[in-house]
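Visitor:
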């Protein structure tokens with residue numbers, strides 16, 4: 054481990070697998086939860102949560118989750134054995150109202166124990182695949198398993214299960230007026246490091262408009278005093294850099310006439326005071342005015 | 054689309070790719086953010102965020118992200134072209150303080166434009182790979198690209214970039230007293246559907262102890278009146294089912310002597326009142342007492 058004042062730089066080969074696991078799980082988060090139901094060749098049902106999971110493609114619609122080999126004894130999980138026997142799964146999405154039952158279902162019960170029963174979930178027959186879906190889930194994806202890719206054969210090795218969506222179930226109560234899934238209503242949960250979970254609702258949710266159709270001027274186009282401001286944060290600079298043009302002479306003149314600005318200009322000119330006012334305007338969503346103010 | 058009272062069941066082939074995209078992105082969330090820096094064969098640097106991303110294996114330590122083909126014109130992204138030319142990347146982790154600059158960097162600037170400069174991030178040389186890391190990131194993973202797997206060749210097709218971690222950089226200010234990454238301090242952000250983000254801090258964070266060493270009795274072992282309670286929630290049942298044994302006669306007798314319980318028992322016996330008291334105790338963390346109360 055090399056060190057400088059404020060950074061630990063670590064070669065993963067020089068720490069224990071447990072330490073490595075801790076860094077990886079805490080840093081790569083929040084992780085969405087795949088609550089996967091599967092069946093073995095005799096039709097025995099298994100239900101288990103995985104947080105090595107995400108969407109990876111829309112066309113074809115492919116999600117991937119990884120039932121890893123256990124770190125302590127290198128054994129494999131029932132879910133992996135099942136998808137190798139019957140190449141189907143239902144990926145159920147988990148929200149806050151289900152989280153403690155979901156956690157209970159991750160208990161390592163014996164083979165053949167149905168976690169739907171142990172965790173008290175409703176087993177609903179699927180339309181196109183053999184594994185049932187979770188009746189309580191706000192959204193469920195019936196999937197066929199496209200392929201399984203082993204990333205290694207030692208303890209802690211991942212096994213990528215590439216699952217192609219063939220049917221989608223959405224509870225109407227989670228749709229907005231336009232028929233789209235409503236993020237605040239969904240109240241989804243995600244896994245973090247340690248025993249931590251994250252709940253995506255209330256103040257945890259915030260919006261940033263996507264800069265896909267726009268092309269911001271960039272932080273590099275702001276003046277040096279603005280870029281090196283002791284007041285303006287990185288988020289403030291990011292928002293200013295997202296504007297599509299520098300302020301016109303007209304908008305700068307207009308801002309110079311603003312009553313708060315006039316008061317500042319009549320006193321001892323102080324960039325700190327100007328920056329603080331610009332920051333207040335940024336927080337109020339007056340981004341163009343803030344940029345003009347910084348160009349006085 | 055088939056419907057029953059409260060569920061929309063949808064065949065993904067029967068809706069537009071845009072509608073499908075909307076369902077998938079809103080349901081599979083919160084998604085962690087891979088802020089990937091790459092270089093082309095001439096050393097030009099690119100920095101771009103991806104939310105089709107997660108950890109998938111600890112041994113070997115492998116993360117996967119997907120720079121998809123664009124839905125509107127089927128073109129590929131500079132990041133994909135770069136990792137095919139120079140098989141290395143740095144996966145920088147994003148927290149709240151960086152989120153607006155990160156969003157700005159997702160602007161589609163021309164090839165050769167360095168998003169470190171446009172977004173105002175500090176370019177720090179890596180130890181083992183050519184792409185630089187983001188100085189502002191709380192954690193950064195230097196990776197070699199193990200392989201790239203195309204999931205299709207049409208618009209919206211994913212491209213799995215399997216990245217093996219070869220060096221880890223952790224800012225000391227995000228470590229706790231034991232040297233572990235501190236989840237509340239990290240203040241990570243994740244992508245949701247639409248323009249939504251989720252911030253993993255404050256009240257959004259909660260803990261559930263992992264049931265790995267324990268084997269809960271299961272919700273199926275609770276009495277029918279408890280399982281069908283109009284008061285107790287699924288989370289209440291999940292927590293009760295996580296206890297390792299049913300209450301003993303002694304603990305039930307002790308609970309019967311509890312002053313609040315005695316008051317209830319002296320009045321008209323009402324399971325609703327008992328369930329409400331059990332719920333209150335569950336919220337206070339007195340799980341065993343709540344289970345004994347429900348067995349009076």
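Chains as they are written, first to last, in my numbering: chain A, 54 to 349; chain B, 54 to 349. Just so you know, even glycine gets a beta-carbon here, dropped at the ideal spot from N, CA and C. As the structure is a prediction and not an experimental result, all values here were calculated from the model.
What residues from chain A crowd round residue 140 of chain B, counting only those whose CB sits closer than 8 Å?
Guide: In chain order: nothing, as chain A lies at least about 17 Å away.
Visitor: Between the C-alpha atoms of residue 331 of chain A and residue 288 of chain A, what's the straight-line distance to the nearest angstrom?
Guide: Between residue 331 of chain A and residue 288 of chain A, the C-alpha separation is close to 13 Å.
Visitor: Could you check if residue 131 of chain A is buried or exposed, using at least 16 other CB atoms within 10 Å of its CB as the buried criterion?
Guide: Under this definition residue 131 of chain A is a buried residue.
Visitor: Can you pull the chain A residues whose beta carbon is under 7 Å from the beta carbon of residue 248 of chain B, in chain order?
Guide: By Cβ distance, chain A contributes 260, 261, 262 and 263.
Visitor: Could you confirm whether any beta carbon from chain B is found closer than 7 Å to the beta carbon of residue 77 of chain A?
Guide: Yes, residue 77 of chain A counts as interfacial toward chain B.
Visitor: When you compare the CB positions of residue 223 of chain B and residue 152 of chain B, do they come within less than 7 Å of one another, or not?
Guide: No, they are not a contact pair.
Visitor: Closest Cβ-Cβ distance between residue 183 of chain A and chain B: below 7 Å?
Guide: No, because no Cβ of chain B sits closer than 7 Å to the Cβ of residue 183 of chain A.
Visitor: Starting from the beta carbon of residue 272 of chain A, find every residue of chain B whose beta carbon is closer than 9 Å, and list them in chain order.
Guide: In chain order: 154, 157, 170, 171, 172, 173 and 174.
Visitor: I'd like the list of long-range same chain contacts for residue 324 of chain A, defined as Cβ closer than 7 Å, with 5 residues on each side in sequence excluded.
Guide: Only 278 meet the Cβ criterion.
Visitor: Flag this pair as yes or no: are the beta carbons of residue 217 of chain B and residue 197 of chain B separated by less than 7 Å?
Guide: Yes, the pair counts as a contact, with Cβ atoms nearer than the cut-off.
Visitor: Since residue 294 of chain B meets chain A, which of its residues come closer than 8 Å, beta carbon to beta carbon?
Guide: Within chain A, the residues near residue 294 of chain B are 154, 157, 171, 172 and 173.
Visitor: Got a sec: which bits of the region 315-343 of chain A sit with their beta carbon under 7 Å from any beta carbon on chain B, in order along the chain?
Guide: Correct list: empty, as no residue qualifies.
Visitor: Can you list the beta strand (DSSP E) stretches of 3 or more residues lying completely in the region 116-204 of chain A, in chain order?
Guide: Those beta strand (DSSP E) runs which fall completely within the region 116-204 of chain A and span 3+ residues are 141-146 and 192-203.
Visitor: Quick one: list the residues of chain A neighbouring residue 115 of chain B, beta-carbon separation under 7 Å, in chain order.
Guide: What residue 115 of chain B touches in chain A: 204 and 211.
Visitor: For residue 257 of chain A, I'd like the list of residues in its chain whose CB is within less than 8 Å of its CB, leaving aside the five on either flank, ordered along the chain.
Guide: Same-chain partners within the cutoff: 251.
Visitor: For residue 224 of chain B, return the contacting residues in chain A, with the cut-off set at a CB-CB distance below 9 Å.
Guide: The contacting residues are 59, 60 and 61.
Visitor: On the criterion of 16 or more Cβ atoms from any shown chain inside 10 Å, does residue 58 of chain B qualify as buried, or is it exposed?
Guide: The residue is exposed, with fewer than 16 neighbouring Cβ atoms inside 10 Å.
Visitor: Any C-beta of chain B within less than 9 Å: which residues of the region 98-132 of chain A qualify?
Guide: Within the region 98-132 of chain A, the residues whose Cβ lies closer than 9 Å to some Cβ of chain B are 104, 105, 106, 107, 108, 109, 110, 111, 112, 113, 114, 115, 116, 117, 118, 119, 121, 122 and 124, listed in chain order.
Visitor: For residue 137 of chain B, which residues from the same chain have a beta carbon less than 8 Å from its beta carbon, with the 5 sequence-adjacent residues on both sides left out?
Guide: Excluding sequence neighbours, residue 137 of chain B sits near 201.
Visitor: Closer than 6 Å by C-beta to residue 348 of chain A: which residues in its own chain qualify, once you throw out the five before and the five after it? Chain order, please.
Guide: Excluding positions up to five away in sequence, the list reads 300 and 305.
Visitor: According to DSSP, is residue 266 of chain A helix, strand or coil?
Guide: Coil.
Visitor: Taking 7 Å as the threshold (C-beta atoms), are residue 290 of chain B and residue 272 of chain B in contact?
Guide: Contact flag set, yes.
Visitor: Quick one: what does DSSP say residue 310 of chain B is sitting in, helix, strand or coil?
Guide: DSSP places residue 310 of chain B in coil when its eight states are reduced to three.
Visitor: With DSSP as the reference, label residue 327 of chain A as helix, strand or coil.
Guide: Three-state result, residue 327 of chain A: helix.
Visitor: Between residue 114 of chain A and the rest of its own chain, which residues show a CB-CB distance below 6 Å, the 5 nearest in sequence each way excluded?
Guide: Correct list, in chain order: 218.
Visitor: Under 8 Å by Cβ, that's how I've got residue 118 of chain A and residue 82 of chain A pegged, so tell me the actual separation to the nearest angstrom.
Guide: Their Cβ separation, rounded to whole angstroms, is 16 Å, which puts residue 118 of chain A and residue 82 of chain A out of contact at 8 Å.
Visitor: Closer than 9 Å between beta carbons: that is the criterion. Which residues of the region 230-243 of chain B meet it against chain A?
Guide: Going along the region 230-243 of chain B in chain order, one finds 232, 233, 234, 235, 236, 237, 239, 241, 242 and 243 with a Cβ nearer than 9 Å to chain A.
Visitor: State the DSSP-derived secondary structure class of residue 60 of chain B, mapped to helix, strand or coil.
Guide: Correct three-state label for residue 60 of chain B: strand.
Visitor: Starting from residue 288 of chain B, trace the beta strand (DSSP E) in both directions and tell me its first and last residue.
Guide: Looking at the DSSP string, residue 288 of chain B is not in any beta strand (DSSP E); the run it does join, the alpha helix (DSSP H), is 287-294.
Visitor: Comparing the C-beta of residue 74 of chain A with each C-beta of chain B, is any distance below 7 Å?
Guide: For residue 74 of chain A, the answer is yes, since a Cβ of chain B falls inside 7 Å of its Cβ.
Visitor: Quick one: give me the first and last residue of the alpha helix (DSSP H) that residue 346 of chain A is part of.
Guide: 340-347 is the extent of the alpha helix (DSSP H) around residue 346 of chain A.
Visitor: Counting only beta-carbon separations shorter than 7 Å, does residue 54 of chain A have a partner in chain B?
Guide: The predicted model places residue 54 of chain A with a pLDDT of 44, which falls under 50 and marks its position as unreliable; any figure quoted below should be read in that light. False, the Cβ-Cβ gap to chain B never drops below 7 Å.
Visitor: Do you know offhand how far residue 157 of chain A's Cα is from residue 269 of chain B's?
Guide: Those two C-alpha atoms are separated by around 7 Å.
Visitor: Taking the runs of the alpha helix (DSSP H) that are 4 residues or longer, which of them lie wholly in the region 220-288 of chain B?
Guide: Fully enclosed alpha helix (DSSP H) runs of 4 or longer: 236-239 and 277-280.
Visitor: Can you name the residues that DSSP bridges to residue 215 of chain A?
Guide: Its beta-bridge partners are A:117 and A:200.
Visitor: What's the gap between the Cα of residue 129 of chain A and the Cα of residue 207 of chain A?
Guide: Their Cα atoms are separated by approximately 10 Å.
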